[in-house]
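Novice: Take the sequence shown: its position 163, counting from 1, is numbered 163 in the UniProt record's numbering, and each next residue is one higher. Even glycine gets a Cβ: it sits at the ideal position worked out from N, Cα and C.
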Amino acid sequence: MNNKLVTIPVPGTSNPIMAVQKDGTEWAAARHICDALGISWATQSRKLKDKAWATVVNLNTVGADGRNRDMAMVDRRTLTMWLATINPAAVSEAARPTLEAYQLEAANALDAYFHQGGAINPRAEEHQLNALMRQSQMQMELCQAAKGLIHPDHLEAKARIVLARGLGEVPDLDPETRPLYTADFLKSKNLSTKRMKSVAPMFGKRMKALYTLETGREPQKYDLTLSNGQVRQVNGYTEADRPLMQRVWDQYYQED
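1) Measure the beta-carbon distance from residue 72 to residue 31 and round it to whole angstroms, keeping in mind my assumption that it falls under 8 Å.
2) Can we say the stretch 94 to 107 touches the stretch 10 to 27, given the rule of at least three CB pairs closer than 8 Å?
3) Which residue's Cα is closest to the Cα of residue 205: 56, 179, 234, 16?
4) Under a three-way DSSP split, which group does residue 21 fall into?
5) Please confirm if the stretch 103 to 112 is in contact with the stretch 45 to 58, defined as three or more CB-CB distances below 8 Å between the two stretches.
6) Rounded C-beta distance between residue 74 and residue 41? I'm assuming under 8 Å.
7) Go ahead and pull the three-state DSSP assignment for residue 27.
8) What residues match up with residue 73 in a beta bridge as DSSP calls it?
9) Using C-beta distances below 8 Å, list every residue in its chain close to residue 68, excluding the 5 sequence neighbours before and after it, in chain order.
10) Would you grab the beta carbon distance between residue 218 and residue 244 for me? Rounded to a whole angstrom, and I think it's under 8 Å.
11) List the whole-angstrom C-beta distance separating residue 200 from residue 210, where the pair is believed to meet the contact cut-off of C-beta under 8 Å.
12) Provide the residue span of the alpha helix (DSSP H) that contains residue 182, from first to last.
13) When DSSP labels each residue in this structure, what does residue 3 get in the three-state scheme?
14) State buried or exposed for residue 84, treating a residue as buried only when at least 16 other CB atoms are found within 10 Å of its CB.
15) Pick out whichever of 22, 184, 6 has its Cα sitting closest to the Cα of residue 109.
16) Between which two residues does the alpha helix (DSSP H) carrying residue 247 extend?
17) Using a Cβ-Cβ cutoff of less than 7 Å, which residues in the same chain neighbour residue 39 once the five nearest sequence positions on both sides are dropped?
18) Tell me which residues share the same chain as residue 45 and place their Cβ nearer than 6 Å to its Cβ, disregarding the 5 neighbours each side in the sequence.
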């Protein structure tokens, strides 16, 4: 590639990353990521200078408008480790879903674009595109089979992500139906690990009780894959239910 910036969708957020490939190495635009998260690149740059694992370079890139721009770029390894160091408390509540999506999916999206022909890479070979199409088809069939078993809003969000990935587009997710877990809500309160373990079980029970009282039905279950690979069934909520979670928090935990 001639240092031409490409736009790479990241599952779980409407904010893509910008990247180039140079001499066989993939580079992500660091300032663009900071802008999406609402944090200062100057501050992050100083932090990265002190990290032995960080590789930051200035590359002359070509934008979609054909203009050349010098941009600070990080390689794939730095991208992964850097994103992991960004505390959710350092970004606004509105930006936290984007940070979580970047932490989970950005590096994979970068790899998929340049090496698997995903997202959709115009350099993709036919067998790569066919493999992606088969993968998307299988995932959509699983979504279809899961009807009635998984919260419909979660199912719709997953299907939109699968469809967008196959089309090389940013998933069009309704903010009101974006999945929201009680654990993620509690993380936004910046609780210590000890406090989180203490609060989470009863918070979940109280949220379920309030949801049932308000809606007249119990929340549906959703399979959540944990960081250790285990799958656990949890109650399925969406962003539309955040006010209910806040009510539980305000009533029982705000003064803790």
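Specialist: According to the data block:
1) About 6 Å separates the two Cβ atoms, so the contact holds.
2) The stretch 94 to 107 makes contact with the stretch 10 to 27; the number of CB pairs closer than 8 Å reaches 3 or more.
3) Ranked by Cα distance from residue 205, the options 56, 179, 234, 16 are led by 234.
4) Strand.
5) With a cut-off of 8 Å on Cβ pairs, the stretch 103 to 112 is not in contact with the stretch 45 to 58, counting fewer than three such pairs.
6) About 11 Å; that fails the 8 Å criterion.
7) DSSP places residue 27 in strand when its eight states are reduced to three.
8) Answer is 29, 57, bridged to residue 73.
9) If we look at residue 68 and ignore the five residues flanking it on each side, its Cβ neighbours are 60, 61, 62.
10) Actually they are not in contact, since the Cβ atoms of residue 218 and residue 244 sit about 13 Å apart, beyond 8 Å.
11) 16 Å between Cβ atoms; not a contact.
12) For residue 182, the enclosing alpha helix (DSSP H) begins and ends at 182 to 187.
13) DSSP places residue 3 in coil when its eight states are reduced to three.
14) By the 10 Å Cβ count, residue 84 comes out exposed.
15) Out of 22, 184, 6, the CA that lies nearest to the CA of residue 109 is found in 6.
16) DSSP places residue 247 in the uninterrupted alpha helix (DSSP H) bounded by 242 to 252.
17) Answer for residue 39: 90, 91, listed in chain order.
18) So the list is empty, once near-sequence residues are dropped.
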